[in-house]
Amino acid sequence: MFKMTPTIIKNFLSKRATRYYPYEVREPFKDARGELYNEIEKCNFCSACALKCPSQCITVDKKNATWECDPFACVYCGICVDTCPKDSLQQKNTYRKPALERQLIQMKGEVKKKTDKEE
Ligand code: SF4
Ligand code: SF4
Numbered sequence: 130m131f132k133m134t135p136t137i138i139k140n141f142l143s144k145r146a147t148r149y150y151p152y153e154v155r156e157p158f159k160d161a162r163g164e165l166y167n168e169i170e171k172c173n174f175c176s177a178c179a180l181k182c183p184s185q186c187i188t189v190d191k192k193n194a195t196w197e198c199d200p201f202a203c204v205y206c207g208i209c210v211d212t213c214p215k216d217s218l219q220q221k222n223t224y225r226k227p228a229l230e231r232q233l234i235q236m237k238g239e240v241k242k243k244t245d246k247e248e
């Protein structure tokens with residue numbers, strides 16, 4: 130007990146090591162891999178991001194031009210961003226805010242008509 134006393138006093142008197150998150154949020158790091166967003170007008174619904182995602186949290190429906198992500202399953206690895214051939218996927222340097230309910234990121238683009246070459 131007496132051996133620990135100096136440590137207890139030191140910790141009691143020193144500045145706290147943690148923040149009152151989410152009330153106190155630290156400045157984001159410049160290249161932090163944070164929340165995912167999709168510039169849907171650039172997306173061609175190829176599904177490459179969904180196939181590469183290790184968390185399987187992306188769903189793409191080419192027929193209906195929809196892109197969906199479950200941000201609560203995302204591990205912010207950035208593989209989908211590196212995979213996207215259209216550079217439509219990006220990551221902010223901030224993280225998803227805490228929430229009481231699970232919400233999906235759902236985006237709808239335009240169904241692209243096939244050109245003669247694609248048919
Ligand atoms: S990889 Fe890029 S272009 Fe392909 S579906 Fe995903 S976001 Fe869209
Ligand atoms: S950042 Fe990683 S886990 Fe999150 S959606 Fe992209 S590939 Fe999946």
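With my numbering applied, the sequence shown corresponds to residues 130 to 248, in that order.
Beta carbons: idealized from backbone N, C-alpha and C, even for Gly.
Being a predicted model, the structure only gives us computed values, none of them experimental.
Kindly examine ligand 1 and report whether one of its heavy atoms sits closer than 7 Å to the Cβ of residue i.
| i | result |
| --- | --- |
| Leu-233 | no |
| Val-154 | no |
| Pro-227 | no |
| Cys-172 | yes |
| Thr-212 | yes |
| Lys-215 | yes |
| Leu-189 | According to the sequence shown, residue 189 is Val rather than Leu. Yes - ligand 1 has a heavy atom lying nearer than 7 Å to the Cβ of Val-189. |
| Ala-177 | yes |
Figure out for me which residue from the options has the closest Cα to the Cα of residue i.
| i | options | result |
| --- | --- | --- |
| Ala-179 | Leu-218, Arg-231 and Gly-238 | Leu-218 |
| Lys-242 | Ser-143, Lys-191 and Lys-159 | Lys-191 |
Apart from the five residues on each side of it in sequence, which residues of its chain come closer than 6 Å, Cβ to Cβ, to residue i?
| i | result |
| --- | --- |
| Val-189 | Phe-174, Ser-176, Ala-179 and Trp-196 |
| Glu-168 | Ser-217 |
To which residues of the same chain is residue i closer than 7 Å at the C-beta, ignoring the five residues directly before and after it?
| i | result |
| --- | --- |
| Cys-148 | It is worth fixing the name first, because residue 148 is Arg in this sequence and not Cys. Taken in chain order, the residues that qualify are Arg-155. |
| Arg-162 | Tyr-205, Gly-207 and Gln-220 |
| Cys-203 | Leu-165, Ser-184 and Cys-186 |
| Ala-181 | Before going further, note that residue 181 is Lys rather than Ala in the sequence given. Hits under 7 Å: Ile-208, Cys-209 and Thr-212. |
Check whether the Cβ of residue i sits closer than 7 Å to any heavy atom of ligand 2, and report yes or no.
| i | result |
| --- | --- |
| Ser-184 | yes |
| Leu-180 | no |
| Leu-165 | yes |
| Ile-208 | yes |
| Ile-169 | no |
| Tyr-205 | yes |
Taking 8 Å as the limit between beta carbons, can you name the residues of its chain near residue i, skipping five residues before and five after?
| i | result |
| --- | --- |
| Met-133 | none |
| Pro-151 | Lys-226 and Pro-227 |
| Thr-136 | none |
By a C-beta neighbour count over all protein chains shown, 10 Å radius and 16 as the cutoff for buried, is residue i buried or exposed?
| i | result |
| --- | --- |
| Asn-193 | exposed |
| Asn-222 | exposed |
TODO: Run through the region 165–233 for me and flag every whole alpha helix (DSSP H) of 4 or more residues, listed as ranges in chain order.
DONE: Listed in chain order, the complete alpha helix (DSSP H) runs (minimum 4 residues) inside the region 165–233 are 177–181 and 208–212.
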